[in-house]
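Reading through the structure tokens given below for one structure.
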Amino acid sequence: LASLVFQLRAQNQVLKKGVVDEQANSASLKEQLKMKDQSLRKLQQEMDSLTFRNQQLAKRVELLQDELALSEARGKKNKKSVESSSQLSQEQKSVFNEDLQKKIEENERLHILFFEADEQHKRLEAELRSRLEVLETDAAQHQAVVDSLTKKYTETIEKLQNDKAKLEIKSQTLEREAKDCRLRTEECQQQLKNLQAALGSRLEESLCIINEKVPFNDTRSARYNALNVPLHNRRNQLKLRDLAGQALAFVQELVTALLNFHTYTEQKVQIFPIDSATDTISPLNQKFSQYLHENASYVRPLEEGMLHLFESITEDTVTVLETTVKLKAFSEQLASYLGFLRKILPYQLKSLEEECESSLCTAALRTRNMELHRDMKRLTAVFEKLHTYVSLLALPSTRPEGLLRTNYNFVFTNIAASLHGFHDILKDISKHYSQKAALEQEVPTATQKLITTNDCILSSVAALTNGAGKMASFFSSNLEHFSTSLSYGPKGGAEFISPLSAECMLQYKKKAAAYVKSLKKPCADSVPYEEALANRRVLLSSTESREGLAQQVQQSLEKIAKLEQEKEHWMLEAQLAKIKLEKENQKLKNSLSGHLTETIQEHSVLPNIAEQKKETTEKSLREPIKSTSLAPDVESREDLIKTHYMARIAELTSHLQLADSKSVHFHAECRALAKRLSLAEKSKESLTEELKLASQNITRLQASKFFCNHDELMTTKRSYEDQLSMMSDHLCSMNETLTKQREEIDTLKMTSK
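Residue numbers (my numbering): 6 to 758.
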């Protein structure tokens, strides 16, 4: 605050000095303005006097001109007197003219001086006024700045004073708090001493309990720590899977290029230097062509092995060299392809030498063939290096003592160098093959088939070169990631002891992941454990289970559909019967109307008689209908028969429904018992599998010599034996329950029958 106040005061002094200087400049400018006004007034007075003098001279000139005119008039009248006095008037005229000329010149000079002085005065006045306005605006601005600064400084001073007061109050409160803290620290120190003493005693007790009760600490021993699941690095796994996918794409590209290269090389051997279509090739080239024809059986497994390796790297696994078991298979497939290259190399070299001995081979072509002779040897040597280092990488998954973790980086670096060497050799092969193809085109016996085959070989070699370059750059750019990510292990441990420990660790990891996944499921409304155990058997064998109800609903829907079909059928039958009835009624009406018209035509004269006949005909029509109706005793008999049969039908339908419900109930019971039987069999199978796995783990652990201490071995053996006895007891109980359930199912089947 003191430095801020000091800075504000210094700025205030500078601003005050600037204001004083500006005020002095404005005062001097005002003095100059007053002096200029005085000089302007003097010049104005001189101007006024000159104008007055000028007016006087102008009047005198006018008088002289008048006198001259009068004298001229008089001269006409009295020429004699004029002639006598002409000499005198001429002298006076010349004097007047000279005087007038001088006055005119002096007047002109004064006018010029007045105009110049007036212009200078106006210009000076304008300059002074503009400067005065600028100075006034500057003074106003400076005054406003001074006012704002003074206001700001006053506000700042007030604020600083308030802050000072607050800080003083805060310092006082902090002092009080410091005193309280001192007291509390003393109390805490005392409590700390008491707690240290209490914790020391508890630590001694805990150590005694641990030493007496805990059999061993697995993190102290590297053998046991290797079984612990390391921390899961999901990002590292995804990165490794991505890199494995890129490597798979590069290997597929290399496999395609190698297949094309060997196939086109076989075609080349068949047509140059001797075409097999026109002549017989040498036995050497025949054997070489036969071996080249088998290239797919050696090259294709490389792609399959890399694909299996890529599929083994998932997000849920722990990918290290000890767990990448598929790398061993890829190494074996690479060894198989290396054996193929070693098998065809002597034939390939002899074929090139035989081509050099041919009469068609020129000196330049012989030089290219010898260069390719050296390149093929180098290519096989590079594949031998790659196989050596890949087989070293596969050792941790089979024999971990064959490759130490400290040598991982060295092996990866040599693989990257070998891939770069492979790329360089392929570039040389591509260069020498292109030169060889150009020279072979100049041979007189060169055919179009030879030219096409050479182009295909060049394209396959170019694809090989591109694929090898991509693979080399990919491996070099990810070298550090391979070295670090493929060499981590359990927490606190340096490495996995053996592939068996890595396999056990992966099994534990799967179990832990399944357990964590089960924990992530949302918990339903809790049921008391005893109630759940009591209701489990009921729920498993419930006749009202979801499947049984669904089946009953399905059967009910089928019955409803059948009834709907029958309903539609009988509705159609009723409609047909109604249509037949309408047709019969229509026929009857038509016959009646025809009969009536005939009677009306015959007796049109006697309408009353016709009406009587009509009534008689209607009565005659009604009479047979009435005659066809049943007697009352017949109707009562039919009603009795109808009610008897309806009651019988109702009784039969009730019996049928009861039988249906019983059959559905028995069917549901059978299904529930069958379900319980299947669940029991599944649990029996799972327990037998666990029993087998436990026995296998016992044999593995006994064979791998993990347990250095005989007491620890005996304790683990006892624990596994206890587990086995418990599993066997559980299996016996499950067998008993299965037999009981089968008996219940048989009895239910008999009762349902």
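Each residue gets a CB set at the ideal place from its N, CA and C atoms; glycine is no exception.
All of these numbers come straight from a predicted model, not from anything done at the bench.
Check your understanding: Relative to the alpha-carbon of L68, which residue among F101, M52, S54, E36 has its alpha-carbon at the smallest distance?
Key -> F101
Review point. Exposed or buried, V19, counting other C-beta atoms within 10 Å across all chains shown (16 or more means buried)?
Key: exposed
Practice item. Along the alpha helix (DSSP H) that carries E351, what are the first and last residues, could you check? Key: What sits at residue 351 in the sequence shown is Pro, not Glu. 331 to 362 is the extent of the alpha helix (DSSP H) around P351.
**Study point:** Three-way DSSP call (helix, strand, coil) for N167 in this model
**Key:** helix
**Study point:** Whether S439 touches V330 by CB criterion (7 Å)
**Key:** no
Point to revise | Simplified DSSP state of F277, which is helix, strand or coil | key: coil
Check your understanding: Using the C-alpha atoms, what's the distance from M576 back to A636?
Key -> No answer about A636 holds up, because its pLDDT of 48 lies below 50 and its placement is not dependable.
Practice item. Please confirm whether N425 and A386 have their CB atoms less than 7 Å apart. Key: In the sequence as presented, Asn is not what sits at residue 425; that position holds His. No; because the gap between Cβ atoms is not below 7 Å, this pair is not in contact.
Point to revise | Identity of the residue in A145, L75, M52, D71 nearest E113 by Cα | key: M52
Check your understanding: Could you give the residue range of the alpha helix (DSSP H) that holds T470?
Key -> 453 to 482
Review point. Buried or exposed: which applies to D26, given that a residue is buried once 16 or more other Cβ atoms fall within 10 Å of its Cβ?
Key: exposed
Practice item. Determine contact between the stretch 469 to 484 and the stretch 291 to 302, defined as no fewer than three beta-carbon pairs at a distance below 8 Å. Key: no
Point to revise | For L409, three-class secondary structure by DSSP | key: coil
Exercise for review: Keeping to the same chain, check which residues put their C-beta closer than 6 Å to that of E620; ignore five residues upstream and five downstream.
Suggested key: Any reading at E620 is ruled out, since the residue's pLDDT is 46, under 50, leaving its predicted position unreliable.
Exercise for review: Please report the Cβ distance between I462 and K273, rounded to the nearest whole angstrom; I am assuming they are in contact, meaning their Cβ atoms lie under 8 Å.
Suggested key: 6 Å
Point to revise | Residue closest to Q16, alpha-carbon to alpha-carbon, out of Y158, T268, L350 | key: Y158
**Study point:** S531 versus A537 - alpha carbon distance
**Key:** 10 Å
Review point. Which first and last residues belong to the alpha helix (DSSP H) in which R371 is found?
Key: 368 to 399
Practice item. Can you tell me which of A673, R410, S688, H428 puts its alpha carbon nearest to the alpha carbon of R383? Key: H428
Review point. Going by beta carbon distance, what residues of the same chain come within less than 6 Å of S336, once the five residues before and after it are set aside?
Key: V395, S396, A399
Review point. For R260 versus E308, is the C-beta spacing smaller than 7 Å?
Key: As written in the sequence, residue 260 is Val, which differs from the Arg given in the question. Against a cut-off of 7 Å, the Cβ pair of E308 and V260 comes out as a contact.
Check your understanding: Span of the alpha helix (DSSP H) holding P288?
Key -> 288 to 297
Point to revise | Burial state of R759, where buried means 16 or more other Cβ atoms lie within 10 Å | key: Examination of residue 759 is not possible in this model, given that the chain is present from 6 through 758 alone.
**Study point:** Three-state secondary structure assigned by DSSP to N300
**Key:** coil
Review point. Where does T621 sit, in a helix, a strand or coil, going by DSSP?
Key: Annotation note: pLDDT 43 at T621 (below 50); position unreliable, no value reported.
Point to revise | Supposed close pair A254, L314 - CB separation, criterion 8 Å | key: Actually they are not in contact, since the Cβ atoms of A254 and L314 sit about 13 Å apart, beyond 8 Å.
Practice item. Ignore the nearest five residues each way along the sequence and tell me which others in Q446's own chain have a CB closer than 7 Å to its CB. Key: I456
Review point. So what's S688 in DSSP terms, helix, strand or just coil?
Key: helix
**Study point:** Nonlocal neighbours in the same chain, by C-beta distance under 6 Å from C361, ignoring five residues either side
**Key:** R371, N374
Review point. S341 and Y303 look like a contact to me (Cβ under 8 Å); what is the Cβ gap, rounded to whole Å?
Key: 6 Å
Check your understanding: Using the beta-carbon count (16 or more within 10 Å), is T411 buried or exposed?
Key -> exposed
Review point. For the ligand GDP, any of its heavy atoms closer than 6 Å to the Cβ of K516?
Key: The ligand GDP is not part of the structure shown, which contains no ligands of any sort.
Review point. Are the beta-carbon atoms belonging to A262 and S465 less than 7 Å from one another?
Key: yes
**Study point:** Simplified DSSP assignment, three categories, for E209
**Key:** helix
Point to revise | Sequence-distant residues of its chain with Cβ nearer than 7 Å to A149 (five each side left out) | key: none
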